[in-house]
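Enquirer: Those protein sequence lines, which keep their order, are chains A and B. Just so we're aligned: the first sequence equals residues 4 to 415 in my numbering. Just so we're aligned: the second sequence equals residues 4 to 499 in my numbering. For each residue, glycine too, the CB sits at the ideal point set by N, CA and C.
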Amino acid sequence: MQISKITEEQQIADMLDWALAGKHGLTIQGAGSKAGIGRPVTTEQGLDLSGLTGVEMYEPAELVMKAKAGTKVSEIQSLLRQSEQRLAFDPPDYGPLLGGTAEAGTLGGIFSANLSGSARIKAGSARDHLLGVQGFTGRAQAFQTGSRVMKNVTGYDLCKLVAGSYGTLAIATSLTFKVLPRPEKTRTVLLYDVPLEKAQPLMNRGLSSVHDIAAAAWLPADIAATCDIEYIRGPGKSVLALKIEGPGPSAEFRCTAIREMLAGEGALEELHGHNSESFWRFVSNASAFAGNNKPLWKLSLPPANAAPFIAAIRDKAAEADYFLDWGGGLVWVQMPDGLADGGATLVRDALSGAGHATLIRGSEALRGKIAPFQPQPTAIQKINARIKDGFDPENILNPGRMYAVEEMKARV
Amino acid sequence: MLMPKPNADVLAKRDALVAGLRRIVANPEGVIDDKDDLRAFECDGLSAYRQLPMIAVLPSTVREISDILKYCQAEGVNVVPRGAGTSLSGGALPLADGVLLGLGKFNKILEIDYDNRCVVAQPGVTNLAITDAVKGDGFYYAPDPSSQIACSIGGNVAENSGGVHCLKYGLTTHNLLGIEMVTMDGEIIRLGGKHLDAEGYDLLGVMTGSEGLLGVITEVTVRILRSPEHISAQLIGFPSSEQAGDCVGKIIGAGIIPAGMEMMDRYAIHAAEEFCHAGYPLDVEALLIIELDGPEVEIAHYQTQIDAIAKDCGATVSRISETEEERMTFWAGRKAAFPAVGRISPDYMCMDGTIPRSQLPKVLKRMNELSKQYGLRVANVFHAGDGNLHPLILFDANNPGELEKCEAFGADILKLCVEVGGVLTGEHGVGIEKRDLMGEMFSEEDLKQQQRLKCAFDPGGRLNPGKVFPVLHRCAELGKMHVHNGELPFPDIPRF
């Protein structure tokens, strides 16, 4: 594949004209750190947007920033930190998980994949923070949607479609998004040795309390053992973790209250400041599963289904590794090697129609063979196909990345 | 306000359509064709515009909705969905040749699921009824539009409703987990559920705020939150709106996101105070109501900071609610601002632009100039935290020409919002009210791209036509492609 490095928007417009005229597919990517998610895209020409960088507007008191799509998320985060602000959805960094380097991902990438970290249960998802998008559709038309203000219901919210569409509907060149204050303190209450069956009910008790828990995760002992924080790895037990944020006095008060709430459930510990932050990065980035190539699934499901779901998986694949985030609403499952479909049938059957399973990591052969994204019912896929046709009628943008081109064409 | 010309062929077969719909709807009173009975549906919350529907139907089951839509699709009849009819932008305004589809019979809460912290409800359940159903157990549903006692949750999804607490807790879209809906061709589909995030294209995301143009919502799943342990409100008065606006920016800049942050101008303060004696100071130009929630220690911590910031910004009055009753009194004035203004003027029109907060002084100044120019008074209430303005233009519809003058004034205010980097509507929707102003904010191509989304859901354009988009394009026309040249551009840009 020939890759053109884009440095200004006009180059994209011209490339799109060329692609349309000759019906050439284009691989659209930022740093390529998430190129391993989705069906393999094979085109002769690619566009690399990682050179399209820069913060165009940042107004801390208005809680808003606008930046070009190729700007690195890590750079945005450093800049926000200077004003004691942050991206509240905790953008995860799957670089190392997918065999790449850390901190390579771009803004366009994180929003196009709509990836959110542990804070998602309270702070909302990446798409919830996306206020406006400028870019091009597959019609080679410049387009914009949304705005720079927090509250906007003017016309359809096409930002929602751009988020999570993996560059198959439009090429985002500039993104405007909401930023929020960084809490003064973050703390994490740890409860050791909680069995799987009790994990979600206990997290739910926390999340249903008045203590405003910002994140809730549960790691079985073998996953906790891979964390380099002594408090997590040391005891050799499973760990349930509840995160609290806020100004000093409030964080302290809540921490005490949560410890009281969990008294009698097992041994307790606390992570403060740096340890707390690095623990939640470990969870958000699914770092426990970095460093190998086994098929890795990310499942969003009703939290109360988490334990029966895992039981169903372990029943058929005892060597599957897993942990819970989002209070049980997010289950990571790493399948053993050797399953013909990477465990796709197993995880999707175990969902029993509630939720969805995405293959986050799998060999190119596997990603070409199975559906990395949850297959949709026919009536919905018909709408998806027409949406794709409305944005990109010639299938030139990341053709086949989410769904096979032929399947989409057949349903228009 | 021009609506699409009624289709004479459809009007001519009205009796046959009534009979056809009666075959679908089991309830003998579920199909309404009597002119007097149809009167109940002639307008929504934007009562300046009225139109009798050709027929109204009140189905009781999702199957009936599906069959009604299939039937209307086959007969070439337009359909306007309606929840509680509280829209302030005319989203549920009937069409002369259309079937009005009322969802009032869908008024049951189907499931309260504390294990997954969500409620499943039929679309006609009111916003407040969801909170009422769970508050005994210490939970609530966060979005609280001021019409929450009457507005339906299905309508909230269609309009992406907000409220005074959305600065901290988000709009409907941030609290919605799933829906069941019926498309115009009668397909019943489920989007989302009790889990987070869409897989594939985020159809749930675009359905939210789609104003009844994409599908008919038949079930809603929303997340519920635990009610905060303490809530406290504070009134802060300023000698000028600029100082109040400055204070809002500095509070947020200091890292504080209050649960609510409202602002009222002098005119609104006086109207509200006369109406319900909330104890507002009358010698200030602008009043902030700031609500904090959480543990007492956090509230106290933030209140100390806010006091210092307010003083620094020139506040002349500051009062913290001592009791829950007092807190409710502080809010009573703000929540009654619309009826309070309604009492001092025969008619008023409520606008709904959002602006970048820093532009507030400029916008208020220009609005005062426009007020003089049009000779119409305007009162301002303002969701200060998120920049959502609600100017209330006072007029008397009995004076010939005054409604038109008010419309022109309102349009100028919204154009001004767009000019300073804001938007036409923050939470009330486009409907018919702002339809013809869409071109102020979007290019022709942007509007076409939005309409292509409409085509994906409703290729025949039967659902709620005449709303949101100033020009109706046929889907076939929108689908056409214009290809330019075929040369590989930029031989000079680096390739690898």
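Identify the contact partners of residue 445 of chain B in chain A, using a Cβ-Cβ distance below 7 Å as the criterion.
Expert: 158, listed in chain order.
Enquirer: For the segment 180 to 241 of chain B, list the beta strand (DSSP E) runs that are entirely contained and at least 3 residues long, ordered along the chain.
Expert: 191 to 195, 219 to 226 and 233 to 241, all fully within the segment 180 to 241 of chain B.
Enquirer: Could you name the residues of chain C that residue 180 of chain A contacts, counting a contact when the two beta carbons are closer than 7 Å?
Expert: Any reference to chain C falls outside this structure, whose protein chains are A and B.
Enquirer: Between residue 272 of chain B and residue 290 of chain B, which are expected to be in contact by the criterion C-beta below 8 Å, what is the C-beta distance as a whole number of angstroms?
Expert: About 5 Å separates the two Cβ atoms, so the contact holds.
Enquirer: Using only the alpha-carbon positions, how far apart do residue 126 of chain A and residue 298 of chain B sit?
Expert: Answer to the nearest angstrom: the Cα atoms are 19 Å apart.
Enquirer: Terminal residues of the continuous alpha helix (DSSP H) containing residue 244 of chain A?
Expert: That residue, residue 244 of chain A, is in no alpha helix (DSSP H); its beta strand (DSSP E) goes 242 to 249.
Enquirer: Please state if the CB of residue 159 of chain A and the CB of residue 41 of chain A are separated by a distance shorter than 8 Å.
Expert: No, the Cβ-Cβ distance between residue 41 of chain A and residue 159 of chain A is not below 8 Å.
Enquirer: Going by the DSSP bridge assignment, what does residue 129 of chain B pair with across the sheet?
Expert: DSSP output for residue 129 of chain B lists B:155 as bridge partner(s).
Enquirer: List, in order along the chain, the chain B residues whose C-beta lies closer than 7 Å to that of residue 210 of chain A?
Expert: Residues of chain B passing the Cβ test: 120.
Enquirer: DSSP three-state label for residue 207 of chain A, please.
Expert: In the structure shown, residue 207 of chain A sits in a helix (DSSP, three-state: H, G or I).
Enquirer: Can you confirm whether residue 58 of chain B, when its beta carbon is compared against all beta carbons of chain A, has any partner nearer than 8 Å?
Expert: So no, residue 58 of chain B is outside the interface.
Enquirer: Determine, using beta carbons only, whether residue 339 of chain B and residue 275 of chain B come nearer to each other than 8 Å.
Expert: It is a contact, given that the beta carbons lie within the stated cut-off.
Enquirer: With a 10 Å radius around its C-beta and 16 neighbouring C-beta atoms as the bar for buried, classify residue 5 of chain B as buried or exposed.
Expert: Exposed: under 16 other Cβ atoms inside 10 Å.
Enquirer: Have a look at residue 228 of chain A and residue 314 of chain B and give me their C-alpha separation to the nearest angstrom.
Expert: Cα to Cα, the separation comes out at about 52 Å.
Enquirer: Looking at the secondary structure, which residues open and close the beta strand (DSSP E) in which residue 138 of chain A lies?
Expert: Here the beta strand (DSSP E) through residue 138 of chain A covers 133 to 140.
Enquirer: Out of curiosity, what's the CA-to-CA distance linking residue 255 of chain A and residue 304 of chain B?
Expert: Between residue 255 of chain A and residue 304 of chain B, the C-alpha separation is close to 13 Å.
Enquirer: Shortest alpha-carbon distance to residue 116 of chain A belongs to which of A:278, A:174, A:181 and A:305?
Expert: Checked all of A:278, A:174, A:181 and A:305; the closest Cα to residue 116 of chain A is A:174.
Enquirer: Taking residue 170 of chain B and residue 235 of chain B to be in contact with their CB atoms under 8 Å, please state how far apart those CB atoms are, rounded to whole angstroms.
Expert: Contact doesn't hold; Cβ gap of about 16 Å is too wide.
Enquirer: When the cut-off is 8 Å and only beta carbons count, does residue 165 of chain B lie next to chain A?
Expert: So yes, residue 165 of chain B belongs to the interface.
Enquirer: Going by the CB atoms, is the gap between residue 4 of chain A and residue 62 of chain A shorter than 8 Å?
Expert: Their beta carbons are not under 8 Å apart, which means residue 62 of chain A does not touch residue 4 of chain A by this criterion.
Enquirer: So, is the C-beta of residue 140 of chain A closer than 8 Å to a C-beta in chain B?
Expert: Closer than 8 Å: yes.
Enquirer: Scan the segment 339 to 368 of chain B for residues whose Cβ lies nearer than 8 Å to a Cβ of chain A and list them as they occur along the chain.
Expert: Those would be 357, 358, 359, 360 and 361, in chain order.
Enquirer: Please name the residue, chosen from A:233, A:50, A:211 and A:218, that lies closest to residue 231 of chain B on a Cα-to-Cα basis.
Expert: The residue with the shortest Cα to Cα distance from residue 231 of chain B is A:211.
Enquirer: Distance cutoff 8 Å, beta carbons only. Does residue 237 of chain B sit that close to anything in chain A?
Expert: By this cut-off, residue 237 of chain B is not an interface position.
Enquirer: Residue 320 of chain B by DSSP, collapsed to three states: which one?
Expert: Three-state DSSP puts residue 320 of chain B in a strand.
Enquirer: When the Cα atoms are used, what is the spatial distance from residue 141 of chain B to residue 172 of chain B?
Expert: Rounded to the nearest angstrom, the two C-alpha atoms are 17 Å apart.
Enquirer: Looking only at its chain, what residues have a beta carbon closer than 8 Å to the beta carbon of residue 11 of chain A, apart from the 5 residues adjacent to it on each side?
Expert: Closer than 8 Å at Cβ, skipping near neighbours: 55.
Enquirer: Is any beta-carbon of chain A found at less than 8 Å from that of residue 69 of chain B?
Expert: It does not; no Cβ of chain A falls within 8 Å.
Enquirer: Rounded to the nearest angstrom, how far is the Cβ of residue 217 of chain A from that of residue 246 of chain A, given a contact under 8 Å?
Expert: About 5 Å separates the two Cβ atoms, so the contact holds.
Enquirer: For chain A, find out if any of its Cβ atoms is closer than 8 Å to the Cβ of residue 434 of chain B; answer yes or no.
Expert: Chain A contact via Cβ: absent.
Enquirer: For residue 383 of chain A, which option in B:182, B:107 and B:433 has the closest C-alpha, if you only look at C-alpha atoms?
Expert: When each option's Cα is compared against that of residue 383 of chain A, the closest is B:182.
Enquirer: Should the segment 193 to 213 of chain B be regarded as contacting the segment 76 to 93 of chain B, the criterion being three or more beta carbon pairs within less than 8 Å?
Expert: No: fewer than three Cβ pairs fall under 8 Å.
Enquirer: So for residue 498 of chain B, helix, strand or coil by DSSP?
Expert: Note on residue 498 of chain B: pLDDT 42, under 50, position unreliable in the model; the coordinate value appears next. Residue 498 of chain B: strand per DSSP, three-state reduction.
Enquirer: Using a C-beta to C-beta distance shorter than 9 Å, which residues of chain A count as neighbours of residue 169 of chain B?
Expert: Chain A residues near residue 169 of chain B: 153 and 154.
Enquirer: Identify the contact partners of residue 389 of chain A in chain B, using a Cβ-Cβ distance below 7 Å as the criterion.
Expert: Result: 458 and 459.
Enquirer: Contact criterion: CB-CB distance below 8 Å. Does residue 65 of chain A meet it with respect to chain B?
Expert: At least one chain B Cβ lies under 8 Å of residue 65 of chain A.
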